[in-house]
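The next block holds one structure in the form of structure tokens; read it before the comments.
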Amino acid sequence: MTDEQALQAWWERLTPEQRDRAAAIALRPAPRGMAVDDLAATMLVAGLPTARMVWTGQPEHLVEMLDEVAEFVNRVSRTS
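See below:
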């Protein structure tokens, strides 16, 4: 389980555009594939859990936003 403070600190450092992308990804059903881009990099640097996904030829299938991160993003993006 990821520490709530780590999730909050990560969220506070995101740009508004990154928050919008995170919220859109978090609304998807699992598995939530993401490209390895600036948003995914912020998750890795913050030490948040991710899962590697099998390469399918689509860049969004390189890393997965896990349920606990998605639940946090869904909760905070509704109150922001």
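In the numbering used here, the protein residues as written are 1 to 80.
For glycine and all other residues, C-beta sits at the position ideal for the given N, C-alpha and C.
Tell me the DSSP bridge mates of residue i?
i             : result
threonine 50  : Met65
methionine 43 : The partner list for methionine 43 (beta bridge, DSSP) is empty, contrary to what the question assumes.
arginine 32   : Met65
If we ignore side chains and look at the alpha-carbon of each, how far apart do residue i and residue j end up?
i           : j             : result
arginine 32 : methionine 65 : 5 Å
glutamine 5 : glutamate 17  : 21 Å
leucine 44  : aspartate 37  : 11 Å
Quick one: residues in its chain with C-beta nearer than 8 Å to the C-beta of residue i, no 5 flanking neighbours on either side, listed in chain order?
i          : result
alanine 23 : Val73, Asn74 and Ser77
In three-state DSSP terms, what is residue i?
i            : result
threonine 79 : helix
aspartate 3  : coil
aspartate 20 : helix
aspartate 37 : coil
Who are the near neighbours of residue i in its chain, counting only those whose CB is closer than 7 Å to its CB and skipping five residues on each side?
i            : result
glutamate 25 : Sequence inspection shows isoleucine at residue 25; the glutamate mentioned does not correspond to that position. Answer for isoleucine 25: Arg32, Met34 and Met65, listed in chain order.
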